[in-house]
Amino acid sequence: MRQALRLGRFGLGNTAPNPAVGCVLVKNGRVIATGLTQRGGCPHAEAMALAEAGDAARGATAYVTLEPCAHEGKTPPCAQALIDAGVVRVVFAIDDPDKRVDGRGAELLRLAGIEVESGVLAKEARQGQIGFLLRETDKRPMVTLKLAISANGFMRTPLGEDKWITGPLSRQMGHKLRAEHDAIITGSGTLLEDDPSLDCRLPGLDIASPTPVVMGKNDIPADSKLARRAKKQTLVHYKNETPLAALQDLAACGMTRAMLECGPTLAAAFLKDDLVDELALFTAPHNVAMTRESDMSLMQLDLTRFRQISEAKLGADSYQHFCREREH
(Lines of atoms letter the chains of each structure in order from A; the text may use other names.)
(Lines give C-alpha, C1' and ligand atoms only; values in the text may rest on other atoms or scores of the structure.)
Protein backbone atom coordinates (compact mmCIF):
# COMPACT_ATOMS: atom_id res chain seq x y z
CA MET A 290 0.00 0.00 0.00
CA ARG A 291 2.86 2.39 0.68
CA GLN A 292 4.06 1.86 -2.87
CA ALA A 293 0.55 2.62 -4.14
CA LEU A 294 0.48 5.82 -2.08
CA ARG A 295 3.81 6.91 -3.55
CA LEU A 296 2.49 6.25 -7.05
CA GLY A 297 -0.61 8.31 -6.36
CA ARG A 298 1.46 11.30 -5.32
CA PHE A 299 3.02 11.44 -8.79
CA GLY A 300 -0.38 12.39 -10.16
CA LEU A 301 -1.11 15.30 -7.81
CA GLY A 302 -2.08 18.39 -9.78
CA ASN A 303 -2.49 16.49 -13.04
CA THR A 304 -5.56 14.27 -12.71
CA ALA A 305 -8.43 16.71 -12.04
CA PRO A 306 -11.35 16.32 -12.00
CA ASN A 307 -10.49 12.81 -10.83
CA PRO A 308 -8.43 11.93 -7.74
CA ALA A 309 -4.77 10.90 -8.07
CA VAL A 310 -4.86 7.17 -7.30
CA GLY A 311 -2.13 4.53 -7.17
CA CYS A 312 -2.59 0.78 -7.70
CA VAL A 313 -0.20 -2.13 -7.15
CA LEU A 314 -0.93 -5.74 -8.19
CA VAL A 315 0.77 -8.47 -6.14
CA LYS A 316 0.86 -12.21 -6.87
CA ASN A 317 2.75 -14.90 -5.00
CA GLY A 318 4.45 -12.23 -2.90
CA ARG A 319 5.76 -10.32 -5.92
CA VAL A 320 4.68 -7.04 -7.52
CA ILE A 321 3.55 -7.88 -11.05
CA ALA A 322 2.18 -4.49 -12.17
CA THR A 323 1.61 -0.91 -11.06
CA GLY A 324 -0.57 1.93 -12.25
CA LEU A 325 -1.48 5.52 -11.47
CA THR A 326 -4.23 7.81 -12.69
CA GLN A 327 -3.19 9.44 -15.94
CA ARG A 328 -3.20 13.12 -16.92
CA GLY A 329 -6.74 14.48 -17.07
CA GLY A 330 -8.03 11.63 -14.89
CA CYS A 331 -8.17 8.82 -17.47
CA PRO A 332 -7.36 5.98 -17.62
CA HIS A 333 -7.70 5.16 -13.94
CA ALA A 334 -4.92 3.58 -11.87
CA GLU A 335 -6.56 0.13 -11.76
CA ALA A 336 -6.97 0.06 -15.54
CA MET A 337 -3.31 0.97 -16.03
CA ALA A 338 -2.13 -1.78 -13.67
CA LEU A 339 -4.43 -4.40 -15.20
CA ALA A 340 -3.28 -3.52 -18.70
CA GLU A 341 0.34 -3.97 -17.63
CA ALA A 342 -0.36 -7.29 -15.91
CA GLY A 343 -2.47 -8.84 -18.65
CA ASP A 344 -3.47 -12.45 -17.93
CA ALA A 345 -1.12 -12.50 -14.92
CA ALA A 346 -3.69 -10.44 -12.99
CA ARG A 347 -5.80 -13.57 -12.47
CA GLY A 348 -5.39 -14.66 -8.86
CA ALA A 349 -3.64 -11.42 -7.82
CA THR A 350 -4.26 -8.99 -4.97
CA ALA A 351 -4.86 -5.33 -5.86
CA TYR A 352 -3.73 -2.60 -3.47
CA VAL A 353 -5.51 0.67 -4.30
CA THR A 354 -5.36 4.01 -2.48
CA LEU A 355 -9.08 4.73 -3.05
CA GLU A 356 -12.15 2.50 -3.27
CA PRO A 357 -12.50 1.30 -6.89
CA CYS A 358 -15.22 3.15 -8.75
CA ALA A 359 -18.51 1.43 -9.59
CA HIS A 360 -20.06 3.88 -12.06
CA GLU A 361 -19.82 4.26 -15.80
CA GLY A 362 -18.04 7.49 -16.74
CA LYS A 363 -15.47 8.20 -19.42
CA THR A 364 -14.09 4.77 -18.53
CA PRO A 365 -15.79 1.52 -17.41
CA PRO A 366 -16.12 0.86 -13.66
CA CYS A 367 -12.80 -0.16 -12.11
CA ALA A 368 -14.52 -2.58 -9.73
CA GLN A 369 -15.92 -4.49 -12.70
CA ALA A 370 -12.54 -4.41 -14.44
CA LEU A 371 -10.93 -6.02 -11.38
CA ILE A 372 -13.65 -8.68 -11.36
CA ASP A 373 -13.27 -9.42 -15.06
CA ALA A 374 -9.48 -9.68 -14.70
CA GLY A 375 -9.82 -12.42 -12.07
CA VAL A 376 -8.35 -10.49 -9.14
CA VAL A 377 -9.15 -12.45 -5.96
CA ARG A 378 -8.47 -9.83 -3.27
CA VAL A 379 -8.74 -6.04 -3.19
CA VAL A 380 -7.22 -3.90 -0.43
CA PHE A 381 -8.00 -0.18 -0.49
CA ALA A 382 -7.10 2.66 1.86
CA ILE A 383 -10.19 4.88 2.04
CA ASP A 384 -13.81 4.90 0.89
CA ASP A 385 -14.71 7.04 -2.11
CA PRO A 386 -17.16 9.77 -0.93
CA ASP A 387 -18.37 10.40 -4.49
CA LYS A 388 -22.13 9.72 -4.38
CA ARG A 389 -21.78 7.56 -7.48
CA VAL A 390 -19.48 5.21 -5.54
CA ASP A 391 -19.73 5.58 -1.72
CA GLY A 392 -19.43 1.87 -0.88
CA ARG A 393 -20.84 0.52 -4.13
CA GLY A 394 -17.39 -0.41 -5.41
CA ALA A 395 -16.65 -2.56 -2.38
CA GLU A 396 -20.14 -4.08 -2.51
CA LEU A 397 -19.78 -5.00 -6.19
CA LEU A 398 -16.46 -6.70 -5.47
CA ARG A 399 -17.85 -8.68 -2.53
CA LEU A 400 -20.89 -9.82 -4.52
CA ALA A 401 -18.47 -11.23 -7.09
CA GLY A 402 -16.78 -13.29 -4.37
CA ILE A 403 -13.68 -11.11 -4.07
CA GLU A 404 -12.13 -10.65 -0.63
CA VAL A 405 -12.20 -6.94 0.28
CA GLU A 406 -10.22 -5.14 2.98
CA SER A 407 -10.39 -1.39 3.61
CA GLY A 408 -8.80 1.18 5.92
CA VAL A 409 -5.15 0.19 5.32
CA LEU A 410 -2.93 3.27 5.81
CA ALA A 411 -6.10 5.35 5.76
CA LYS A 412 -4.60 8.38 7.52
CA GLU A 413 -1.78 8.67 5.00
CA ALA A 414 -4.20 8.16 2.11
CA ARG A 415 -6.56 10.86 3.38
CA GLN A 416 -3.67 13.32 3.50
CA GLY A 417 -2.83 12.60 -0.12
CA GLN A 418 -6.47 12.76 -1.19
CA ILE A 419 -7.46 15.77 0.93
CA GLY A 420 -8.18 17.89 -2.14
CA PHE A 421 -10.56 15.35 -3.66
CA LEU A 422 -12.18 14.65 -0.29
CA LEU A 423 -12.76 18.35 0.45
CA ARG A 424 -14.24 18.91 -3.00
CA GLU A 425 -16.74 16.12 -2.36
CA THR A 426 -17.60 17.08 1.24
CA ASP A 427 -17.04 20.86 1.45
CA LYS A 428 -17.42 21.74 -2.25
CA ARG A 429 -14.01 23.40 -2.39
CA PRO A 430 -10.44 22.36 -3.26
CA MET A 431 -7.74 22.04 -0.65
CA VAL A 432 -5.47 25.06 -0.26
CA THR A 433 -1.71 25.06 0.25
CA LEU A 434 -0.31 28.39 1.43
CA LYS A 435 3.27 28.83 0.26
CA LEU A 436 5.32 31.32 2.28
CA ALA A 437 8.93 32.40 1.85
CA ILE A 438 10.12 34.42 4.83
CA SER A 439 13.32 35.85 6.24
CA ALA A 440 14.79 34.69 9.54
CA ASN A 441 13.02 37.58 11.29
CA GLY A 442 9.68 36.76 9.69
CA PHE A 443 9.27 39.16 6.77
CA MET A 444 7.84 38.07 3.44
CA ARG A 445 9.39 40.71 1.19
CA THR A 446 12.73 42.41 0.77
CA PRO A 447 12.98 46.22 0.86
CA LEU A 448 12.22 47.99 -2.40
CA GLY A 449 15.19 48.13 -4.72
CA GLU A 450 16.79 44.94 -3.39
CA ASP A 451 16.81 41.44 -4.87
CA LYS A 452 13.17 40.29 -4.77
CA TRP A 453 14.14 36.73 -3.80
CA ILE A 454 14.26 36.05 -0.06
CA THR A 455 15.17 32.37 -0.40
CA GLY A 456 17.76 30.59 -2.54
CA PRO A 457 17.57 28.60 -5.80
CA LEU A 458 16.87 25.20 -4.19
CA SER A 459 13.85 26.65 -2.37
CA ARG A 460 12.59 28.16 -5.61
CA GLN A 461 12.93 24.78 -7.33
CA MET A 462 10.87 23.19 -4.56
CA GLY A 463 8.30 25.96 -5.01
CA HIS A 464 8.01 25.07 -8.70
CA LYS A 465 7.54 21.40 -7.80
CA LEU A 466 4.71 22.40 -5.48
CA ARG A 467 3.13 24.40 -8.29
CA ALA A 468 3.14 21.29 -10.48
CA GLU A 469 1.23 19.40 -7.76
CA HIS A 470 -1.71 21.82 -7.82
CA ASP A 471 -4.51 22.46 -10.29
CA ALA A 472 -4.67 26.21 -9.64
CA ILE A 473 -2.36 28.89 -8.26
CA ILE A 474 -3.91 31.94 -6.58
CA THR A 475 -2.40 35.38 -6.15
CA GLY A 476 -3.72 38.86 -5.36
CA SER A 477 -4.10 41.65 -7.88
CA GLY A 478 -1.78 43.79 -5.75
CA THR A 479 0.97 41.19 -5.96
CA LEU A 480 0.36 40.97 -9.70
CA LEU A 481 0.87 44.72 -10.14
CA GLU A 482 3.92 44.82 -7.89
CA ASP A 483 5.80 41.67 -8.94
CA ASP A 484 4.35 40.65 -12.34
CA PRO A 485 4.76 36.93 -11.51
CA SER A 486 4.61 34.14 -14.08
CA LEU A 487 3.11 31.58 -11.64
CA ASP A 488 4.10 28.72 -13.93
CA CYS A 489 6.25 25.63 -13.42
CA ARG A 490 9.66 26.02 -14.99
CA LEU A 491 11.25 22.71 -14.02
CA PRO A 492 12.50 20.60 -16.94
CA GLY A 493 9.75 18.27 -18.14
CA LEU A 494 7.10 19.80 -15.88
CA ASP A 495 6.22 22.88 -17.90
CA ILE A 496 3.02 21.16 -19.05
CA ALA A 497 2.06 20.77 -15.37
CA SER A 498 1.76 24.53 -14.77
CA PRO A 499 -1.39 25.24 -12.71
CA THR A 500 -4.24 27.47 -13.86
CA PRO A 501 -3.43 31.04 -12.71
CA VAL A 502 -6.09 32.72 -10.56
CA VAL A 503 -6.05 36.42 -9.61
CA MET A 504 -8.16 37.81 -6.75
CA GLY A 505 -8.77 41.54 -6.34
CA LYS A 506 -10.40 44.56 -7.95
CA ASN A 507 -7.34 45.76 -9.86
CA ASP A 508 -7.45 45.04 -13.59
CA ILE A 509 -4.87 42.66 -15.02
CA PRO A 510 -2.44 44.70 -17.18
CA ALA A 511 -2.49 43.61 -20.81
CA ASP A 512 1.31 43.50 -20.89
CA SER A 513 1.64 41.37 -17.73
CA LYS A 514 3.14 37.89 -17.92
CA LEU A 515 -0.18 36.32 -16.90
CA ALA A 516 -2.12 38.23 -19.57
CA ARG A 517 0.32 37.09 -22.23
CA ARG A 518 0.08 33.52 -20.95
CA ALA A 519 -3.73 33.70 -21.14
CA LYS A 520 -3.45 33.34 -24.91
CA LYS A 521 -2.43 29.72 -24.33
CA GLN A 522 -3.85 28.92 -20.89
CA THR A 523 -7.01 29.87 -19.03
CA LEU A 524 -6.66 32.86 -16.69
CA VAL A 525 -9.27 33.31 -13.95
CA HIS A 526 -9.94 36.69 -12.32
CA TYR A 527 -12.22 37.08 -9.27
CA LYS A 528 -12.77 40.79 -8.65
CA ASN A 529 -15.30 40.77 -5.81
CA GLU A 530 -15.63 37.16 -4.63
CA THR A 531 -14.77 36.09 -1.09
CA PRO A 532 -12.05 33.44 -0.70
CA LEU A 533 -14.68 30.75 -0.09
CA ALA A 534 -16.78 31.77 -3.10
CA ALA A 535 -13.72 31.69 -5.33
CA LEU A 536 -12.74 28.24 -4.07
CA GLN A 537 -16.27 26.92 -4.56
CA ASP A 538 -16.22 28.11 -8.15
CA LEU A 539 -12.87 26.40 -8.76
CA ALA A 540 -14.30 23.18 -7.29
CA ALA A 541 -17.30 23.44 -9.60
CA CYS A 542 -14.78 23.49 -12.47
CA GLY A 543 -13.37 20.18 -11.21
CA MET A 544 -10.29 21.46 -9.40
CA THR A 545 -9.18 19.70 -6.22
CA ARG A 546 -5.91 21.43 -5.29
CA ALA A 547 -5.12 25.17 -5.14
CA MET A 548 -1.84 26.82 -4.17
CA LEU A 549 -1.88 30.26 -2.56
CA GLU A 550 1.19 32.27 -3.53
CA CYS A 551 0.42 35.85 -2.60
CA GLY A 552 1.07 38.79 -0.30
CA PRO A 553 0.25 39.09 3.41
CA THR A 554 -3.24 40.59 2.98
CA LEU A 555 -4.75 37.80 0.89
CA ALA A 556 -2.92 35.11 2.85
CA ALA A 557 -4.33 36.52 6.10
CA ALA A 558 -7.85 36.51 4.61
CA PHE A 559 -7.63 32.80 3.77
CA LEU A 560 -6.20 32.01 7.21
CA LYS A 561 -8.91 34.05 8.93
CA ASP A 562 -11.63 32.14 7.06
CA ASP A 563 -10.00 28.81 8.03
CA LEU A 564 -9.40 27.89 4.38
CA VAL A 565 -5.73 26.89 4.54
CA ASP A 566 -5.20 23.12 4.69
CA GLU A 567 -1.43 22.88 4.23
CA LEU A 568 1.40 25.32 4.78
CA ALA A 569 4.69 25.19 2.86
CA LEU A 570 7.11 27.38 4.79
CA PHE A 571 10.51 28.36 3.37
CA THR A 572 12.78 30.25 5.79
CA ALA A 573 15.97 32.04 4.74
CA PRO A 574 18.91 32.32 7.17
CA HIS A 575 19.19 36.11 6.94
CA ASN A 576 17.15 39.04 8.26
CA VAL A 577 15.54 41.79 6.18
CA ALA A 578 14.30 45.21 7.21
CA MET A 579 10.57 45.92 7.37
CA THR A 580 9.53 48.54 4.82
CA ARG A 581 5.73 48.15 4.86
CA GLU A 582 3.30 47.85 7.73
CA SER A 583 1.57 44.92 6.02
CA ASP A 584 4.79 42.93 6.32
CA MET A 585 3.99 42.45 9.99
CA SER A 586 0.63 40.72 9.46
CA LEU A 587 2.05 37.20 9.07
CA MET A 588 5.11 37.44 11.30
CA GLN A 589 3.38 35.62 14.14
CA LEU A 590 1.68 32.72 12.38
CA ASP A 591 -0.67 30.71 14.55
CA LEU A 592 0.59 27.21 13.86
CA THR A 593 -1.32 25.60 16.72
CA ARG A 594 -3.92 24.34 14.21
CA PHE A 595 -1.23 22.74 12.06
CA ARG A 596 0.93 19.64 12.43
CA GLN A 597 4.39 19.49 10.89
CA ILE A 598 4.65 16.49 8.57
CA SER A 599 8.06 17.04 6.98
CA GLU A 600 11.15 19.23 6.94
CA ALA A 601 14.25 19.57 4.80
CA LYS A 602 17.37 21.64 4.35
CA LEU A 603 17.47 23.37 0.96
CA GLY A 604 20.92 24.87 0.68
CA ALA A 605 21.06 27.59 3.33
CA ASP A 606 17.26 27.66 3.65
CA SER A 607 14.96 25.60 5.85
CA TYR A 608 11.75 24.03 4.54
CA GLN A 609 8.84 22.86 6.70
CA HIS A 610 5.53 21.43 5.56
CA PHE A 611 2.49 21.58 7.83
CA CYS A 612 -1.04 20.20 7.51
CA ARG A 613 -4.28 20.88 9.32
CA GLU A 614 -5.65 18.29 11.68
CA ARG A 615 -9.05 17.47 10.18
CA GLU A 616 -11.70 14.82 10.60
CA HIS A 617 -11.94 14.11 6.87
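The sequence shown begins at 290 in our numbering and counts up one residue at a time. Glycine is no exception: its CB is placed at the ideal position from the N, C-alpha and C atoms. Source: prediction; values computed, not measured.
Asked: Residue interval of the beta strand (DSSP E) (run including lysine 316); Found: 311-316
Asked: Short Cβ contact (9 Å threshold) for alanine 305 with valine 313; Found: no
Asked: C-beta atoms of glutamate 425 and aspartate 387 nearer than 9 Å; Found: yes
Asked: Limits of the unbroken beta strand (DSSP E) element including histidine 610; Found: 606-613
Asked: CB of proline 357 within 9 Å of CB of alanine 395, strictly; Found: yes
Asked: Residue from Gly311, Thr531, Ala346, Pro332 with nearest C-alpha to glutamate 413; Found: Gly311
Asked: Close Cβ partners of methionine 431 (< 6 Å) along its chain, the five nearest in sequence each way excluded; Found: Ile419, Gly420, Leu423, Arg546, Asp566
Asked: For glutamate 530, the three-state DSSP class (helix, strand or coil); Found: coil
Asked: Glutamine 461 to serine 498 span [Cα, whole Å]; Found: 13 Å
Asked: Segment contact, 8 Å Cβ cut-off, at least three pairs: the segment 594-604 with the segment 473-491; Found: no
Asked: Top-ranked residue by Cα proximity to aspartate 266, from Ala557, Gly402, Ala374, Ser407; Found: The structure shown does not extend to residue 266, since the chain spans only 290 to 617, so no value can be given for it.
Asked: Whole-angstrom distance between alanine 578 and glycine 297, CA atom to CA atom; Found: 42 Å
Asked: Neighbourhood of leucine 491 by C-beta distance below 6 Å, restricted to the same chain and skipping five residues each side; Found: His464
Asked: C-beta contact flag for alanine 359 and valine 390 at 9 Å; Found: yes
Asked: Option nearest glutamate 614 by Cα separation, candidates Leu568, Pro574, Tyr608, Arg517; Found: Leu568
Asked: Integer-rounded CB distance, given that methionine 548 should sit under 8 Å from threonine 455; Found: Between methionine 548 and threonine 455 the Cβ distance is about 16 Å, and since that is not below 8 Å, they are no contact.
Asked: Residues of its chain near glutamine 597, where Cβ-Cβ distance is below 8 Å and the 5 sequence neighbours each way are ignored; Found: Gln609, His610, Phe611
Asked: Residues near valine 320 in its chain [Cβ-Cβ closer than 8 Å; skip 5 each side]; Found: Gln292, Val313, Leu314
Asked: Buried or exposed by the 16-neighbour rule on C-beta atoms within 10 Å, applied to histidine 575; Found: exposed
Asked: Burial state of serine 439 (16 or more Cβ within 10 Å); Found: buried
Asked: Same chain, Cβ closer than 6 Å to leucine 480, five either side skipped, listed in chain order; Found: Val503
Asked: Sub-9 Å separation of alanine 349 and valine 380 beta-carbons; Found: no
Asked: Terminal residues of the alpha helix (DSSP H) in which phenylalanine 421 lies; Found: 419-426
Asked: Environment of leucine 466 [buried if 16+ CB atoms lie within 10 Å]; Found: buried
Asked: Supposed contact pair arginine 518 and proline 501 - C-beta distance, whole angstroms, cut 8 Å; Found: 7 Å
Asked: Segments of 3+ residues assigned as beta strand (DSSP E) that fall wholly inside the segment 346-431; Found: 350-355, 378-383, 404-407
Asked: CA nearest to the CA of alanine 351, picked from Ala401, Val405, Gly300; Found: Val405
Asked: The ligand GDP heavy atom lying under 8 Å from the CB of lysine 363; Found: With respect to the ligand GDP, the structure shown offers nothing to examine, as it has no ligands at all.
Asked: Collapsed DSSP secondary structure at glutamate 335 in the structure displayed; Found: helix
Asked: Residue range of the unbroken alpha helix (DSSP H) whose run includes aspartate 478; Found: According to the sequence as given, residue 478 is glycine; it is not aspartate. First-last of the alpha helix (DSSP H) with glycine 478: 477-483.
Asked: C-beta atoms of lysine 435 and phenylalanine 571 nearer than 9 Å; Found: yes
Asked: Residue ranges of each beta strand (DSSP E) within the segment 485-515, 3 or longer; Found: 500-504
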